[in-house]
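The structure under discussion appears below in the form of structure tokens.
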Amino acid sequence: MRVVVPQTEDDFRTYFELRYEILRRPWGQPFSSVKDDLEDTAMHAMILDEKGIVAGVCRMQFNNKDEAQLRFMAIRADLQGKGHGKLLLTYFEELASRHNKKRIVLQAREAAVGFYRRNGYMLKEQTQLLWGVIQHYRMEKVLLRDE
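Counting from 1037, one number per residue, gives the positions in the sequence shown under our numbering.
In structure tokens form, the structure reads like this:
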């Protein structure tokens, strides 16, 4: 498994397809719901398996000078629980640190809260109920301490 940055039109097609299959399709959402207006300014990464097939995806955006936000983390269903999500977290945490971000925030689905906690993220508050069925929680990990 390796983390790569999607570059080509084909890379992005498979990147967004996995995002859709895991995060939107099971709830009957349209493919258009997998993108937002920050795609062009965000940083994207995906994990490729040994055959070059997309195994996981995630996106990071900078909210302000101190804060990065992870969004749209999705791991192929047959590979969940095998360290691929941690690989993406590590990649983006290192990238955020190189950009001098003090913290990373995210909106975790209820089912993913334990995963993020095991990786050092603290639960801050219950937030939105997406489509009336998927509870989300704001979580945060401190990367750099104020001096």
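In this text, a Cβ means the ideal position worked out from N, Cα and C, and glycines have one as well.
Taken through DSSP and simplified to helix, strand or coil, residue 1106 comes out as strand.
Note that the segment 1046-1063 does not touch the segment 1127-1143; fewer than 3 beta-carbon pairs, one per stretch, sit closer than 8 Å.
Secondary structure note for residue 1173: its beta strand (DSSP E) is the uninterrupted segment 1170-1178. Membership of residue 1120 in the alpha helix (DSSP H) is indicated by the continuous run 1120-1134. The beta carbon of residue 1056 is closer than 6 Å to those of 1067 and 1070 in its chain, skipping five residues each way along the sequence. The segment 1139-1151 makes contact with the segment 1165-1175, as at least three CB pairs between them are under 8 Å. Taking C-beta atoms as the reference points, residue 1124 and residue 1039 count as a pair closer than 8 Å.
Taking the C-beta atoms as reference points, residue 1180 is found no nearer than 8 Å to residue 1122.
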